[in-house]
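**Student:**
Right, here's the structure in full:
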């Protein structure tokens, strides 16, 4: 049986190959980030890993693995030699090839039949593109590497041979005997390859099965040649000691790639020295050299008669065009006997990944030490038991307890793996997905050294992948959108892990668009996931958590990334199965934060053992928040019943409460006719376990998004338990997560805290109504009054009501064409009338009998826009799309009255239709330049509102400076020394208007600067919050007259203290 069929050798190769490949993806992404500033050490690390994989695959006959690794190696070699500048395309080629190489290694038995032509073409293209034309030709040619007798051993690419001989390296061909030089020296071919790679570059290797003798030959004469072609800087005089092979089996090549036998070269040198010594008395050195020169000339003109008289002329390698390697026909069994060294595909397989675990030798030593101590303690316990020595037994038991605890920790340590194994894979996912969606995302990974049990590490990969993909697809905006919201075009996605109270906390945070609760509510109603009445009772956080409902999706269309309505519910259920919980916080235009809490291990978990209705239960410590003990005298004050639900007042917050006896046996529920909590007190008194001075216990637990309390009869103890799965007859009960055997041998059920909250339909208790109203007002989206119009066709337009001076109904014959402009008589003068189609690319207006003219002020004069119909006046907070339909006269679009509506830019229409009016206005400003022109800083995150407010403010004669958020406003305030007044929105990303006002007021020089709030938020509580921060006036957006009136008043009279 050939050596390369040995499962052990293949297993070692595959295991080591997976280790070499681990981390290459992350390293390549780091190389991409470095760009021209190549980190040579990092490139060398990747190069060595690929080189090692290639070396082992070569002699095993895994041709596709060897060839793909070899082409990757060539490309990496150019990068590390700084002959090639790294770019995205090159890294893409290496990443795709890494994926394929991993696939080939995993499926090594069929690797030679897997098509790798696409990867090879890409890699060769990237390699040759950076090379001079004369060198490019060597990539497509190959040479035969032959022994001096003419036997062809290898066919090697010319480019590879040239690279191998660079830097003064010598190319060697060594013939190992697999029996005498390898096996009998207690080595494997892999060991030989590793030794060679330490001091040189492996070019090719193969086991020549054809050269093996027959069974009829003497066993001592049978050899199994193992040829290795490599290059190194080691000279000929020491190479034999390095490879530990007889000189007769070593050959070297000169620069012209002529082959020489190392032994003959040494022998010739020795003969020459002997000849000099022998003829010392008869010849001078010059004469000797002359004789040798004559002999050399004769030798060139005469063929040698035999090998004894002289060696043959060295054979030069023959160049020929490289032929494409054909894929192995499907179903054909590869064989090591063929010229391609195909490995034998065997029916038996060896598993390498999930069933193996790398353990630190130090941990094994600890286990052995503890096992030895356990044996000694056992012997001590047996001896003291026989002598009935109570003190000795007690000491032995304490010792067993200590050793068992240490043994448990040591064993668990062997299963712990860093979470970076999972985290580091997301660098590639984020990079590829961002490119696909035309987004720019910076992934920040923190806490990759945090360790968890191997089982959990393997289970969290899919849930985290879905959350990361969701963050990029749904959360993070495109660069243009981010810039319009005052954010950096580069989004930040933060993935972190940390230890907290014996658990692991994983956070996925982004600074994207956030989750709009209004959209969630609409989608939930559309999919009939909840009723309208249920939604009205839900808090903001509860509405956001509806995304975990099965079938829920906010995606506008189904793609290969998202939109199928599966994923988030699976994430929730998978994390729950691991004993974990998930919480989500989101704010529109600020981002989303997801917090996952997981146990360190699933095998053994710490629990609180409680007693209820004479049964014992275990509550995992990961769910415990605190224990509350309420005296009987405080029951009426601490517990209330609201809408038939028990509520506990705890340090200013309200917690829903359940009685564990009721939750596990609903038939025992009692009715409370007077709507008070006396029934609880009565139940406790009837039990006879407490007197009037007693108390009862509430266990406060966390169900991921909120806390609630469980009333229990007794608190017993804290204990580490071994989790056992439930029997089939109990698995339908969602209130239990498993079972365990306690120290006394009795069974206890493990409570599923999330399952109980769902079963009992618990919800987070809302805050105080006044406080909730204030928060709701300050977090509400901008809402504006809009006049909805159309021109008698399918297109619908919206105009902010605050910008309109008047709406006139006219007859179609009233407007007349004068000097190329449409005008009508209005209040004793001529009113220029514009049509939307005059400026914007929209459908022409359909003439109606009585059209309407929307009148507004522009450039100190009134102008009108004619429309066919007034549809409605609506109050809307619809999200404005500022990109899709943006053009002159159209500032954006929104869905209003269930229809796409174009937002008219009245100032943009007028400016485009009447540029002379803008010139006149500018000339007037220049003429008034002797008088100080007041500068106003307008802070607004919506480009739509910013354009409208800036338009009528500039039109009123003020100089305008703009900012998209509070942070940017502070920068502008410090840059522009002449700012006289600030108009600011309230809700903005990065820094809102309230915080901006506080920052401005904190600086002495701005104490007297007027600050006016422009917002859609109305209400006494919202206004109070704004005034407390230092805002002088609270104005509704786009109320043009009131805004300009207040600006003029504050600039003239100053701030009133």
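In my numbering, the protein residues as written are 3 to 1059.
Cβ atoms here follow ideal geometry from the backbone N, Cα and C, with glycine treated the same way.
1) How far does the beta strand (DSSP E) with residue 519 in it extend, from its first residue to its last?
2) Report yes or no: do the region 498-517 and the region 443-454 share at least 3 C-beta pairs separated by less than 8 Å?
3) Would you report the Cα separation of residue 97 and residue 437, rounded to the nearest angstrom?
4) Just to confirm, are residue 82 and residue 55 a CB contact at a threshold of 8 Å?
5) Here's the rule: buried if 16 or more other CB atoms are within 10 angstroms of the residue's CB, otherwise exposed. What is residue 366?
6) Would residue 30 pass as a contact of residue 129 if the rule is Cβ separation under 8 Å?
7) Name the two residues that bound the continuous beta strand (DSSP E) containing residue 15.
8) Nearest to residue 251 by CA position, among 161, 149, 740, is which residue?
9) Please determine if the region 745-752 and the region 612-627 are in contact, where contact requires at least 3 C-beta pairs separated by less than 8 Å.
10) Helix, strand or coil for residue 407 per DSSP?
11) Would the region 602-609 and the region 516-529 be scored as touching if the rule is three or more Cβ pairs under 8 Å?
12) According to DSSP, simplified to helix, strand and coil, what is residue 711?
13) May I have the straight-line CA-CA distance separating residue 821 from residue 840, to the nearest angstrom?
14) Looking only at DSSP bridge pairs, what is residue 831 linked to?
15) Would residue 739 count as contacting chain C if we go by Cβ distances under 8 Å?
16) Is the beta carbon of residue 625 less than 8 Å from the beta carbon of residue 725?
17) I need the DSSP call for residue 482, collapsed to helix, strand or coil.
18) Helix, strand or coil for residue 1072, going by three-state DSSP, please let me know.
19) Flag this pair as touching only if the region 964-981 and the region 1029-1039 have three or more C-beta atom pairs under 8 Å; answer yes or no.
20) Can you tell me the Cα-Cα spacing of residue 835 and residue 531, whole angstroms?
21) For residue 278, count the other beta carbons within 10 Å of its own beta carbon; 16 or more makes it buried, fewer makes it exposed. Which is it?
22) Are residue 494 and residue 434 close, meaning C-beta to C-beta below 8 Å?
23) Please look up how many angstroms separate the CB atoms of residue 804 and residue 1042, rounded, as I've assumed it's under 8 Å.
24) Compute the Euclidean distance between the alpha carbons of residue 966 and residue 941, then round it to the nearest angstrom.
25) Just grab the DSSP bridge partners of residue 1035 for me.
26) Does the Cβ-Cβ distance between residue 938 and residue 985 come in under 8 Å?
27) Output yes or no for whether 8 Å exceeds the beta carbon distance between residue 23 and residue 103.
28) Within 10 angstroms of the Cβ of residue 131, are there 16 or more other Cβ atoms? Answer buried if so, exposed if not.
29) Counting only runs that start and end within the region 593-625, where is the beta strand (DSSP E) found for 3 or more residues in a row?
30) What does DSSP give as the partner residue(s) for residue 726 in the beta ladder?
31) Thinking residue 492 and residue 442 are a contact (beta carbons under 8 Å), I'd like their distance in whole angstroms, please.
32) On the DSSP bridge assignment, give the partners of residue 174 in chain order.
33) Under a Cβ-count criterion, where at least 16 other Cβ atoms within 10 Å of its own Cβ denotes burial, should residue 243 be classed as buried or exposed?
34) Below 8 Å on the Cβ atoms is my guess for residue 963 versus residue 872; work out the distance and round it to an integer in Å.
35) Could you give the DSSP three-state label for residue 492: helix, strand or coil?
36) Can you pull the DSSP bridge partners for residue 854?
**Tutor:** In brief:
1) Along the chain shown, read from residue 1 onward, the residue named residue 519 stands at position 517. Careful: residue 519 lies outside any beta strand (DSSP E), inside the alpha helix (DSSP H) at 519-528.
2) yes
3) On the chain shown, residue 97 is found 95 positions in, with the first residue counted as 1. On the chain shown, residue 437 is found 435 positions in, with the first residue counted as 1. Residue 97 and residue 437: Cα-Cα distance of roughly 14 Å.
4) Start at 1 with the first residue of the chain shown, and residue 82 comes out as number 80. Start at 1 with the first residue of the chain shown, and residue 55 comes out as number 53. No. Outside cutoff.
5) For the purposes of this step, residue 366 is taken as residue 364 along the chain shown, with counting starting at 1. By the neighbour-count rule (16 or more Cβ atoms within 10 Å), residue 366 is not buried but exposed.
6) Within the chain shown, residue 30 is the residue found at index 28, counting from 1. Within the chain shown, residue 129 is the residue found at index 127, counting from 1. No, these two residues do not count as a Cβ contact at 8 Å.
7) Counting from one through the chain shown, the residue named residue 15 turns up at place 13. Where residue 15 is concerned, there is no enclosing beta strand (DSSP E), although the alpha helix (DSSP H) it sits in stretches over 9-23.
8) Position 249 of the chain shown, counted from the start, is the residue given in the question as residue 251. Of 161, 149, 740, the residue nearest in Cα terms is 149.
9) yes
10) Numbered from its first residue, the chain shown carries residue 407 at position 405. It is helical.
11) no
12) Here residue 711 corresponds to residue number 709 of the chain shown, with the count starting at 1. Residue 711 falls in the strand class under three-state DSSP.
13) As a working note, residue 821 is residue 819 in the chain shown. As a working note, residue 840 is residue 838 in the chain shown. The alpha-carbon atoms of residue 821 and residue 840 are separated by roughly 16 Å.
14) By one-based count along the chain shown, residue 831 stands at place 829. 828.
15) Here chain C cannot be found, since the structure has a single protein chain.
16) Within the chain shown, the letter at position 623 stands for residue 625. Within the chain shown, the letter at position 723 stands for residue 725. It is not a contact, given that the beta carbons lie outside the stated cut-off.
17) Locating residue 482 in the chain shown gives position 480, where the first residue counts as 1. Here residue 482 sits in helix by DSSP.
18) Only positions 3 to 1059 of the chain appear in the structure, and residue 1072 is not among them; the question remains open.
19) no
20) Taking the first residue of the chain shown as 1, we reach residue 835 at position 833. Taking the first residue of the chain shown as 1, we reach residue 531 at position 529. If you take the alpha carbons of residue 835 and residue 531, they lie about 51 Å apart.
21) Sequence index remark: in the chain shown, residue 278 carries index 276 (1-based). Note on residue 278: pLDDT 49, under 50, position unreliable in the model; the coordinate value appears next. Label assigned to residue 278: exposed.
22) What you label residue 494 is simply residue 492 of the chain shown in a count that begins at 1. What you label residue 434 is simply residue 432 of the chain shown in a count that begins at 1. No.
23) Position 802 of the chain shown holds residue 804. Position 1040 of the chain shown holds residue 1042. Confirmed, about 5 Å.
24) In the chain shown, residue 966 corresponds to position 964, counting from 1. In the chain shown, residue 941 corresponds to position 939, counting from 1. Looking at the two C-alpha atoms, the distance is approximately 6 Å.
25) Against the chain shown, residue 1035 aligns to sequence position 1033. Note: residue 1035 sits in a beta bridge opposite 1014.
26) Here residue 938 refers to the residue found at position 936 of the chain shown. Here residue 985 refers to the residue found at position 983 of the chain shown. Their beta carbons are under 8 Å apart, which means residue 938 touches residue 985 by this criterion.
27) What you label residue 23 is simply residue 21 of the chain shown in a count that begins at 1. What you label residue 103 is simply residue 101 of the chain shown in a count that begins at 1. Their beta carbons are under 8 Å apart, which means residue 23 touches residue 103 by this criterion.
28) Stepping through the chain shown from its first residue, residue 131 is reached at position 129. Label assigned to residue 131: exposed.
29) 593-601, 606-614, 617-622
30) By 1-based counting over the chain shown, the position of residue 726 is 724. Bridge partners of residue 726: 741.
31) Translated into the one-based positions of the chain shown, residue 492 becomes position 490. Translated into the one-based positions of the chain shown, residue 442 becomes position 440. Yes, they are in contact, since the Cβ atoms of residue 492 and residue 442 sit about 5 Å apart, within 8 Å.
32) Residue numbering aside, residue 174 sits at position 172 when the chain shown is read from its first letter. DSSP, once it has assigned bridges, lists 232, 254 as partnering residue 174.
33) To locate residue 243, count along the chain shown from 1; it is residue 241. By the neighbour-count rule (16 or more Cβ atoms within 10 Å), residue 243 is not buried but exposed.
34) Against the chain shown, residue 963 aligns to sequence position 961. Against the chain shown, residue 872 aligns to sequence position 870. Rounded, the Cβ-Cβ distance is 36 Å, inconsistent with contact.
35) Position 490 of the chain shown holds residue 492. The answer is coil: DSSP assigns residue 492 none of H, G, I, E or B.
36) Working through the chain shown from its first residue, we reach residue 854 at position 852. Beta-bridge pairing links residue 854 to 811, 869.
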